[in-house]
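Engineer:
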Amino acid sequence: MARIYALANQKGGVGKTTTAVSLCAYLAARGKRVLLVDMDPQANATSSLGIDKNELENSVYDVLISSSTVDAVLVVTSQRGLDLLPSAPALAGADIELIELTGRENKLANALRPLHAQYDFIVIDTPPSLGLLTINALVASDGVVIPVQCEYLPLEGLAQLLQTIEMVHRSLNPQLRIRGVLMTMYDPRTRIAREVVQDVRRQFPRNTFRTIIPRSVKLSEAPSYGEPIGSYAPDSSGAQAYDAFGQEFLATEWQ
Ligand SMILES: Nc1ncnc2c1ncn2[C@@H]1O[C@H](COP(=O)(O)OP(=O)(O)O)[C@@H](O)[C@H]1O
Ligand SMILES: [Mg+2]
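Counting from 7, one number per residue, gives the positions in the sequence shown under our numbering.
Right, here's the structure in full:
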């Protein structure tokens, strides 16, 4: 039975996609059966895995809007054990088109249900907004991983995300819990980075991941080569940090 996690934070550029791709690759390399769902119209997770969004016939858009079966849309990736439900630019319209549909918040959850037995983990990357695409991801998930960039004091922006998670928990998906906050892009030379770490640990004493992801040039290069960090630059500080995160993620997995 698959465990389902969404990466969410309505702020862009905080490491959602990097974390989704790196975590999925880590889990797949350890023999887990993993599905990555790309719910961002920008399709960064899709292209980070070396898949050209312009060459895809179908995407998660078709699953949400035209009720295509997921099987028709799934693609295998170059990472053994990792499949992808790709995004495409058409998904940009889905936030609006979904409004008209009944059960608009449950489209992704329903579409993923037939896949629960095929995967150990389903990881959903979300766009930088709290619209219906992100709501669909939260409704489909057991837990949320919240990446926070160690470059801005995040707490104000997080309040809105926490409210949304609480609303989904209350009225749409009582399963949903916060899996953990992951601090990313840490630069030990800056004061702000140390302040963010303190602040986050104070606000989330029980669910801040111990692992902190440092700023790493290799992490910013990997998407252009269509490879996860673990294969693009396995010895880099970024790869080591995401290995440590993957280990911590598995070790603290909910029973
Ligand atoms: N730890 C890191 N160090 C350096 N660059 C990073 C790191 N994590 C992500 N990046 C880069 O920063 C940009 C934003 O990250 P991304 O994961 O796409 O964020 P989001 O999905 O939240 O918008 C991308 O270009 C990515 O390659
Ligand atoms: Mg992204």
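Where a beta carbon is used, it is the ideal one built from N, C-alpha and C, also for glycine. This one's a predicted model, so the numbers in the text were calculated from it and none came from an experiment.
Would you report the Cα separation of A143 and S222, rounded to the nearest angstrom?
Structural biologist: Numbered from 1 along the sequence shown, position 137 holds the residue referred to as residue 143. Numbered from 1 along the sequence shown, position 216 holds the residue referred to as residue 222. Approximately 28 angstroms, taken between the alpha carbons.
Engineer: Any heavy atom of ligand 2 inside 8 angstroms of the beta-carbon of A250?
Structural biologist: The sequence position of residue 250 within the sequence shown is 244, counting from 1. The answer is no for A250.
Engineer: Which value, in whole angstroms, describes the spacing of the CA atoms of N179 and K59?
Structural biologist: By one-based count along the sequence shown, residue 179 stands at place 173. By one-based count along the sequence shown, residue 59 stands at place 53. Cα to Cα, the separation comes out at about 31 angstroms.
Engineer: Return the Cβ separation of I218 and V203 in integer angstroms, given the expectation that the two are a contact with Cβ distance under 8 angstroms.
Structural biologist: Counted from its first residue, the sequence shown places residue 218 at position 212. Counted from its first residue, the sequence shown places residue 203 at position 197. That belief holds up - the Cβ atoms of I218 and V203 are roughly 7 angstroms apart, short of 8 angstroms.
Engineer: Which full runs of the alpha helix (DSSP H) of 4+ residues lie inside the region 151-213, going along the chain?
Structural biologist: You should have 161-177, 197-209.
Engineer: So, does the region 117-135 touch the region 26-40, judging by three or more C-beta pairs under 8 angstroms?
Structural biologist: These segments touch.
Engineer: One question on the structure: do P95 and A49 come within less than 9 angstroms of each other, judged by their Cβ atoms?
Structural biologist: Here residue 95 refers to the residue found at position 89 when the sequence shown is read from its first residue. Here residue 49 refers to the residue found at position 43 when the sequence shown is read from its first residue. Contact: yes.
Engineer: Just to confirm, does V20 get its C-beta within under 8 angstroms of one of the non-hydrogen atoms of ligand 1?
Structural biologist: As a position in the sequence shown, residue 20 is number 14, starting the count at 1. At least one heavy atom of ligand 1 is nearer than 8 angstroms to the Cβ of V20, so yes.
Engineer: Please state whether DSSP places A123 in a helix, a strand or coil.
Structural biologist: Indexing the sequence shown from 1 puts residue 123 at position 117. A123: coil per DSSP, three-state reduction.
Engineer: What's the call for G186, buried or exposed, on a 16-neighbour Cβ count within 10 Å?
Structural biologist: Taking the sequence shown and counting its residues from 1, the one referred to as residue 186 is at position 180. The residue in question, G186, is buried, as its Cβ has 16 or more Cβ neighbours within 10 Å.
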